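In terms of the working numbering, the sequence shown opens at residue 17 and continues consecutively.
C-beta atoms are modelled at their ideal positions from N, C-alpha and C, and glycine is treated no differently.
Since this is a predicted model, take the numbers as computed values, not measurements.
Remarks on the structure that follows.
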Amino acid sequence: MTLSEIPAPERIDVQAPEGNYAIYIGAKALKALDVLLRLHGLGGKAVIVTNQTLAPLYGEPLAELLGTALIVVPDGEQHKTLETVRRLYDELLALGVDRHGVVIALGGGVIGDLAGFAAATYLRGIAFVQAPTSLLAMVDASIGGKVGVDLPQGKNLVGAFKQPVFVVVDPTLLPTLPDSEWICGAAEIIKAGLLRDESLLDADLYRRDNKAFTDVLRRAIQIKVDYVQRDPYEQDIRAELNLGHTFAHAVERVSGYTWRHGEAVGFGLVASARLSHAVGLCAASLPERVEALVGAVGLPTRCSFEPSAVRDAMRTDKKRHGEIMRFVLLRDVAQPEIRDDVPAQAVLDVLESLRS
Ligand SMILES: NC(=O)c1ccc[n+]([C@@H]2O[C@H](COP(=O)([O-])OP(=O)(O)OC[C@H]3O[C@@H](n4cnc5c(N)ncnc54)[C@H](O)[C@@H]3O)[C@@H](O)[C@H]2O)c1
Ligand SMILES: [Zn+2]
17 MTLSEIPAPE RIDVQAPEGN YAIYIGAKAL KALDVLLRLH GLGGKAVIVT NQTLAPLYGE
77 PLAELLGTAL IVVPDGEQHK TLETVRRLYD ELLALGVDRH GVVIALGGGV IGDLAGFAAA
137 TYLRGIAFVQ APTSLLAMVD ASIGGKVGVD LPQGKNLVGA FKQPVFVVVD PTLLPTLPDS
197 EWICGAAEII KAGLLRDESL LDADLYRRDN KAFTDVLRRA IQIKVDYVQR DPYEQDIRAE
257 LNLGHTFAHA VERVSGYTWR HGEAVGFGLV ASARLSHAVG LCAASLPERV EALVGAVGLP
317 TRCSFEPSAV RDAMRTDKKR HGEIMRFVLL RDVAQPEIRD DVPAQAVLDV LESLRS
């Protein structure tokens, strides 16, 4: 297969301090990976990292197409650890991957974070390509260069910035994604819509039979790209991408990580919109609209946890600033505002109002 035999993938260029990279978006784009590797001058030994679920679906056919080795790790966030990275180093060494080698992450955000962290550190860093397979990884995790692993003390506590050489977003991989994961990706796209693009706030877009979904992907990716280009190391404006996430991280933690991240983001968007109204920032219609959309997509709009437990969990958030709780609030759609002065009681009241 050559690039000329498949529909030419669309290309979005990302400017990063370490060098620019391209995101290729299009049906069957993954089949062009061998051409793309050559186009980008990646002639060294390539190794695909994937998980046990994705290996038979996409990993083995891709390894055959590229004539490369496949490293398969167990599926699940509980394996996003230094132990798994250590295993990746062992396998890369055993395969004879040298400084000219390239690691291809084929999977959701867990694989991207794990393989990216291994690529950032193995031999002080080798080339890295992202081939995201989950909706969340396509629109969020694969863009922006953040890679890393969890520690027993908390999620994503060890990591690095490692830009890929390129990213391949192939929507033809999405039909096998479970519905529960699909809606988690939708939560991050709705977040992007609330921050920047009102046209993404339509529940029909997130139907699995949406024939125009590639357009949704492109618009969501462009929003994340705009943020990471303006603020590659998350010094200021990129923090807006944490809309809904102060609530979400706390709910995930209180649930003992039985809530998926995207589910918690869905709830967090509803809570943030209510909080925005509670502090007098936006009209009452905004939280109503957010709740209707989040609910229509199938994401939770209520949670059963004790409000004080959720509020306490916010205090241990990695992204907290001292004792200050930082929230991204909304004046309106596409008018986010970062606030450090939200009264704790307002947060508790919102959580109480959303208790199931
Ligand atoms: N680096 C970043 O900037 C960033 C941003 C957001 C999230 N993340 C990280 O990403 C992770 C979450 O990513 P995720 O939601 O993709 O989870 P995931 O990687 O666990 O994937 C979710 C599930 O879907 C399966 N799957 C993925 N693609 C599939 C497909 N096409 N067909 C069938 N099954 C498929 C996976 O095997 C897995 O079981 C978290 O670890 C989070 O910390 C990182
Ligand atoms: Zn998120």
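Starting from residue i and walking both ways along the beta strand (DSSP E), at which residues does that stretch end?
i: Ala-85; result: 85-89
i: Arg-371; result: Neither: Arg-371 is in no beta strand (DSSP E) and is coded neither H nor E.
i: Lys-207; result: Element bounds for Lys-207: not the beta strand (DSSP E) but the alpha helix (DSSP H), 195-212.
i: Thr-66; result: 62-67
i: Phe-321; result: Run containing Phe-321: none; DSSP gives neither H nor E here.
i: Lys-171; result: 170-177
i: Asp-166; result: 162-167
i: Leu-122; result: 118-123
i: Ala-147; result: 143-148
Under 6 Å Cβ to Cβ from residue i, same chain only, skipping five residues before and after it: list those, please.
i: Gln-31; result: Gln-245
i: Ser-158; result: Gly-128, Gln-146, Pro-148 and Val-183
i: Ala-299; result: none
i: Arg-342; result: Asp-356
i: Glu-26; result: Ile-41 and Gly-42
i: Glu-304; result: none
i: Leu-139; result: Arg-115
i: Ala-8; result: Nothing about residue 8 can be reported from this structure: the residues present for the chain run from 17 to 372 only.
i: Ser-369; result: none
Quick one: what's got a C-beta closer than 8 Å to residue i's C-beta in the same chain, skipping five residues either side?
i: Lys-112; result: The amino acid at residue 112 is misidentified as Lys; the sequence shows Gly. Lys-61, listed in sequence order.
i: Leu-364; result: Pro-323, Ser-324 and Arg-327
i: Ala-350; result: Leu-210, Leu-211, Arg-212, Asp-213 and Glu-214
i: Tyr-74; result: Leu-46, Thr-66, Leu-122, Thr-149 and Leu-189
i: Met-17; result: Residue confidence is low: Met-17 scores 48 on pLDDT, short of 50, so the model does not pin down where it sits. Its coordinate-derived value is still stated next. Excluding residues within five positions, the ones whose Cβ falls inside 8 Å are Lys-47, Ala-48, Asp-50, Val-51 and Leu-81.
Tell me which residues share the same chain as residue i and place their Cβ nearer than 7 Å to its Cβ, disregarding the 5 neighbours each side in the sequence.
i: Ile-205; result: Val-155, Leu-216, Val-232 and Ala-236
i: Leu-190; result: Leu-151
i: Leu-221; result: Val-232
i: Glu-107; result: Ile-87
i: Asn-36; result: Asp-29 and Val-30
i: Ile-354; result: Ala-255, Glu-256, Arg-342 and Val-344
i: Glu-268; result: Trp-275, His-277 and Ala-280
i: Asp-91; result: Asn-67, Gln-68 and Thr-69
i: Pro-180; result: Tyr-37, Phe-144, Val-145 and Gln-146
To which residues does DSSP link residue i through a beta bridge?
i: Pro-352; result: Leu-346
i: Tyr-40; result: Arg-27 and Val-184
Starting from residue i, trace the alpha helix (DSSP H) both ways and give me its first and last residue.
i: Ala-32; result: Premise fails: Ala-32 is in no alpha helix (DSSP H) and is neither H nor E.
i: Val-113; result: First-last for Val-113: undefined, no H or E at that position.
i: Leu-309; result: 301-313
i: Ala-242; result: Looking at the sequence shown, residue 242 is not Ala but Asp. That run of the alpha helix (DSSP H) goes 229-246.
i: Pro-77; result: 76-82
i: His-277; result: 277-294
i: Asp-50; result: 49-55
i: Val-155; result: Where Val-155 is concerned, there is no enclosing alpha helix (DSSP H), given that its DSSP letter is neither H nor E.
i: Val-358; result: Per DSSP, Val-358 belongs to no alpha helix (DSSP H) and is neither H nor E.
i: Thr-262; result: 261-270
Give me the Cβ distance between residue i and residue j, rounded to the nearest whole Å; I'm assuming they're in contact under 8 Å.
i: Ile-142; j: Gly-117; result: 5 Å
i: Gly-175; j: Phe-133; result: 6 Å
i: Val-286; j: Val-326; result: That belief does not hold up - the Cβ atoms of Val-286 and Val-326 are roughly 13 Å apart, past 8 Å.
i: Ala-135; j: Lys-178; result: 6 Å
i: Gly-170; j: Lys-207; result: That pair is no contact at about 22 Å.
i: Pro-168; j: Phe-229; result: About 38 Å; that fails the 8 Å criterion.
i: Arg-347; j: Leu-297; result: 5 Å
Examine chain D for any beta-carbon lying closer than 8 Å to the beta-carbon of residue i, and answer yes or no.
i: Asn-172; result: The structure shown has no chain D; it contains just one protein chain.
Would you call the segment 314-334 and the segment 273-287 touching, i.e. three or more CB-CB distances under 8 Å?
yes
Flag this pair as touching only if the segment 58-73 and the segment 84-102 have three or more C-beta atom pairs under 8 Å; answer yes or no.
yes
Would the segment 38-57 count as touching the segment 247-254 if we require 3 or more Cβ pairs under 8 Å?
no
Taking contact to mean 3 or more Cβ pairs, one atom from each stretch, closer than 8 Å, check whether the segment 288-298 and the segment 193-200 are in contact.
no
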